[in-house]
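**Student:** In UniProt numbering, the protein residues as written are 1 to 365. We treat Cβ as the ideally placed atom computed from N, Cα and C, and that holds for glycine. Here it is: the structure, laid out below.
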Amino acid sequence: MNTNKYAVSIILPCYNVSQYIERAIDSILIQDFKDYEIIIINDGSTDNLLQKCDDLGYTEKGYIKILSFKNQGLSQARNEGLKIAQGEYVYFFDPDDYINQGMLSKVYLKAKEGNYDAVHFGFQTIYEDQGGIHYDKAESPYVYQTNDEIIHNYLPRFLGITQDNINSFVDLNHLWNSKEFSGVWRFLYKRSVLIDNKILFPKGIKLIEDKLFNARFFCYAKTIALMDDVLYNYVIKEKGLLTSSLNNVKGLVEDKIIGIEQRAILRNLYLKEKNIDIFSYYIGTIVFSALELIMRLSDISFFSSRKELKRYMNMEDVRVGIKEIDVSHLPLKLRLPIVMLKYRLTYLLLGGMRVLKMMGLKVNI
């Protein structure tokens, strides 16, 4: 039986964020809404996080809990917080970000308005290395009233590039912008739905853990309310530099493989629980990932690139996705390389990319 001591449990997974924790916690403490608990999970930090929390008086506040564990990663840190949460709703908050004034009251009141299983709201991205340039992202107000509507109309926006996205193709920018950012900090979740259905973050997954968590939640949620308020500040501290070294490309291949494997687990979940096949919800992601890998691998030695590409292309879901995807609505520059994949001309395509780059021609897909 779920007992609720607070309206909202706010879970902050922390690893070496001592320089940001005060800003994050202060953005909570200044809220006009006070019926919450704050759970700080110290995930094996090696900085002075605990000393900072003590200096700021957090350890003296009864509604702030601080627990320390050996470093296990973001997903498990969030899971540890969920284990001890006592709120009616749960909010996962990244400690290098911060929330806007009035966020908690607006989102909680919305949740209670219809006893919704989740509330989804807008955010803005702040690029600290670019002088605070930001990009607003908000939803049009709407309420998904049934689980069937959530699965068929909402889930596809988060899981990947769908066959429907391919069929209605306009341009690549439109294709990417049709996908939703899956950050869990965009949602307030009803804790009972999480607990009753044993929904946790997948341990050991580093890139798409939020996407996977939300997809599991959507399998069971009956109602989700969308708000157009921008209430969260997602802070990007610096742009990473991508290189085409073998190690980086190997990491990219491994990430793509894990993404396919984890989506396959979700596919089996939906088949078991709902008798719904969601393969078409991410078939485009499978194929476009193959093209992305070919472009990136064409920068390294042909022998190494063939070896790495083979790992991805030999996956059963990749072979099926390439075979089944309908590309008749795509422009020729996208349709042609995918048709080459369909006819198993993968290495010819890889070699062609290498030749074009060696000739100094810019290759974009």
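#1: Please classify residue 210 as buried or exposed, where buried requires at least 16 neighbouring CB atoms within 10 angstroms.
#2: Quick check: the Cα distance between residue 136 and residue 130, rounded to an integer number of angstroms?
#3: What are the partner residues of residue 13, as DSSP defines its beta bridges?
#4: Return the residue from the list 157, 272 and 68 that minimises the CA-CA distance to residue 41.
#5: Can you give me the Cβ contacts of residue 155 inside the same chain, cut-off strictly under 6 Å, excluding the 5 residues immediately before and after it?
#6: Just the Cα atoms here: how many angstroms apart are residue 20 and residue 87?
#7: Leaving out five residues on either side along the sequence, give the residues of the same chain with a beta carbon under 7 Å from the beta carbon of residue 318.
#8: Taking buried to mean at least 16 other C-beta atoms within 10 Å of its own C-beta, is residue 184 buried or exposed?
#9: Taking the straight line between their C-alpha atoms, what separation do you get for residue 82 and residue 234?
#10: Which whole-angstrom value describes the C-beta separation of residue 189 and residue 77, a residue pair presumed to lie in contact below a C-beta threshold of 8 Å?
#11: Could you tell me the boundaries of the alpha helix (DSSP H) in which residue 318 lies?
#12: For residue 137, which of helix, strand or coil comes out of DSSP?
#13: My output table needs one value for residue 64: the three-state DSSP class, helix, strand or coil.
#14: Specify, as a first and last residue, the run of the alpha helix (DSSP H) that residue 193 falls within.
#15: Suppose you measure from the CA of residue 177 to the CA of residue 14; what does that come to, to the nearest Å?
#16: Mind checking residue 256: buried by the 16 CB within 10 Å criterion, or exposed?
#17: Is the number of C-beta pairs between the segment 346–356 and the segment 301–316 that are closer than 8 Å three or more?
#18: Buried or exposed, going by whether 16 or more other CB atoms sit within 10 Å of the CB of residue 346?
#19: Counting along the chain, where does the beta strand (DSSP E) carrying residue 221 start and finish?
#20: Nearest CA to the CA of residue 89: which residue from 324, 293, 9 and 266?
#21: If you draw a straight line from the C-alpha of residue 98 to the C-alpha of residue 39, how long is it?
#22: Give me the Cα-Cα distance between residue 283 and residue 95, rounded to the nearest whole angstrom.
#23: Alpha carbon to alpha carbon, how far is residue 243 from residue 100?
#24: Taking the straight line between their C-alpha atoms, what separation do you get for residue 333 and residue 160?
#25: DSSP state of residue 329, grouped into three classes?
#26: Roughly how many angstroms lie between the CA atoms of residue 206 and residue 262, to the nearest whole one?
#27: Any idea what DSSP makes of residue 240, helix, strand or coil?
#28: Measure the CB-CB distance between residue 102 and residue 225 and report whether it falls below 8 Å.
#29: Measure the C-alpha to C-alpha separation of residue 47 and residue 70 and round it to an integer number of angstroms.
#30: What do you get for residue 120, buried or exposed, if any count of 16 or more other CB atoms within 10 angstroms of its CB means buried?
#31: CA-CA distance, residue 293 and residue 252?
#32: What alpha helix (DSSP H) runs, 4 residues minimum, are completely inside the segment 270–312?
#33: Whose C-alpha, out of 316, 220, 258 and 248, is nearest the C-alpha of residue 274?
#34: Among the candidates 31, 53 and 324, whose CA atom is the shortest distance from the CA of residue 22?
#35: What are the start and end residues of the beta strand (DSSP E) that includes residue 118?
**Tutor:** Let me spell this out:
#1: Indexing the sequence shown from 1 puts residue 210 at position 210. That one is buried.
#2: Position 136 of the sequence shown holds residue 136. Position 130 of the sequence shown holds residue 130. Cα to Cα, the separation comes out at about 16 Å.
#3: Position 13 of the sequence shown holds residue 13. Bridge partners of residue 13: 41.
#4: Taking the sequence shown and counting its residues from 1, the one referred to as residue 41 is at position 41. Ranking 157, 272 and 68 by Cα distance to residue 41 puts 68 first.
#5: Sequence index remark: in the sequence shown, residue 155 carries index 155 (1-based). Taken in chain order, the residues that qualify are 218.
#6: Here residue 20 refers to the residue found at position 20 of the sequence shown. Here residue 87 refers to the residue found at position 87 of the sequence shown. Cα to Cα, the separation comes out at about 25 Å.
#7: Residue numbering aside, residue 318 sits at position 318 when the sequence shown is read from its first letter. Within the same chain, residue 318 has close Cβ partners 260, 286, 290 and 312.
#8: Counting from 1 along the sequence shown, the entry for residue 184 is found at position 184. Residue 184 comes out buried.
#9: Along the sequence shown, read from residue 1 onward, the residue named residue 82 stands at position 82. Along the sequence shown, read from residue 1 onward, the residue named residue 234 stands at position 234. Straight-line Cα distance between these residues: approximately 22 Å.
#10: Here the question's residue 189 lines up with position 189 in the sequence shown. Here the question's residue 77 lines up with position 77 in the sequence shown. That pair is no contact at about 16 Å.
#11: For the purposes of this step, residue 318 is taken as residue 318 along the sequence shown, with counting starting at 1. Start and end: 316–324.
#12: Against the sequence shown, residue 137 aligns to sequence position 137. Correct three-state label for residue 137: strand.
#13: For the purposes of this step, residue 64 is taken as residue 64 along the sequence shown, with counting starting at 1. Strand, per DSSP.
#14: Here residue 193 refers to the residue found at position 193 of the sequence shown. Counting along the chain, the alpha helix (DSSP H) containing residue 193 begins and ends at 191–196.
#15: Residue mapping note: residue 177 aligns to position 177 of the sequence shown, counting from 1. Residue mapping note: residue 14 aligns to position 14 of the sequence shown, counting from 1. Distance between the alpha carbons of residue 177 and residue 14 is about 30 Å.
#16: Within the sequence shown, the letter at position 256 stands for residue 256. Here residue 256 is buried: its Cβ has 16 or more other Cβ atoms, across all protein chains shown, within 10 Å.
#17: yes
#18: The residue labelled residue 346 in the question sits at position 346 within the sequence shown. Flag for residue 346 reads buried.
#19: Taking the first residue of the sequence shown as position 1, residue 221 is located at position 221. It is not in any beta strand (DSSP E) - residue 221 carries neither H nor E in the DSSP assignment.
#20: The sequence position of residue 89 within the sequence shown is 89, counting from 1. Among 324, 293, 9 and 266, the Cα nearest to that of residue 89 is on 9.
#21: The count along the sequence shown starts at 1 and reaches residue 98 at position 98. The count along the sequence shown starts at 1 and reaches residue 39 at position 39. Going from the Cα of residue 98 to the Cα of residue 39 covers about 15 Å.
#22: By 1-based counting over the sequence shown, the position of residue 283 is 283. By 1-based counting over the sequence shown, the position of residue 95 is 95. The C-alpha of residue 283 lies about 34 Å from the C-alpha of residue 95.
#23: For this step, residue 243 is matched to residue 243 along the sequence shown. For this step, residue 100 is matched to residue 100 along the sequence shown. With a pLDDT of only 45 at residue 243, under the threshold of 50, the placement of this residue in the model should not be trusted; the figure read from the coordinates follows. Taking the straight line joining both Cα atoms gives about 36 Å.
#24: As a working note, residue 333 is residue 333 in the sequence shown. As a working note, residue 160 is residue 160 in the sequence shown. Near 21 Å, if we compare the C-alpha coordinates of residue 160 and residue 333.
#25: Position 329 of the sequence shown holds residue 329. Note: residue 329 maps to coil in three-state DSSP.
#26: To locate residue 206, count along the sequence shown from 1; it is residue 206. To locate residue 262, count along the sequence shown from 1; it is residue 262. Near 12 Å, if we compare the C-alpha coordinates of residue 262 and residue 206.
#27: Stepping through the sequence shown from its first residue, residue 240 is reached at position 240. In this prediction, residue 240 has a pLDDT of 48, which is less than 50 and means its spatial position is unreliable; what the coordinates show is noted afterwards. In the structure shown, residue 240 sits in coil (DSSP, three-state: anything other than H, G, I, E or B).
#28: Working through the sequence shown from its first residue, we reach residue 102 at position 102. Working through the sequence shown from its first residue, we reach residue 225 at position 225. Contact flag unset, no.
#29: Here residue 47 is taken as the residue at index 47 of the sequence shown, counted from 1. Here residue 70 is taken as the residue at index 70 of the sequence shown, counted from 1. Cα-Cα distance, rounded: 13 Å.
#30: The count along the sequence shown starts at 1 and reaches residue 120 at position 120. Buried is the label assigned to residue 120, since at least 16 other Cβ atoms lie within 10 Å of its Cβ.
#31: Taking the sequence shown and counting its residues from 1, one reaches residue 293 at position 293. Taking the sequence shown and counting its residues from 1, one reaches residue 252 at position 252. About 8 Å.
#32: 283–297
#33: The residue labelled residue 274 in the question sits at position 274 within the sequence shown. Measuring from the Cα of residue 274, the nearest candidate turns out to be 220.
#34: The count along the sequence shown starts at 1 and reaches residue 22 at position 22. Checked all of 31, 53 and 324; the closest Cα to residue 22 is 53.
#35: For the purposes of this step, residue 118 is identified with residue 118 of the sequence shown, where counting begins at 1. Element bounds for residue 118: 118–127.
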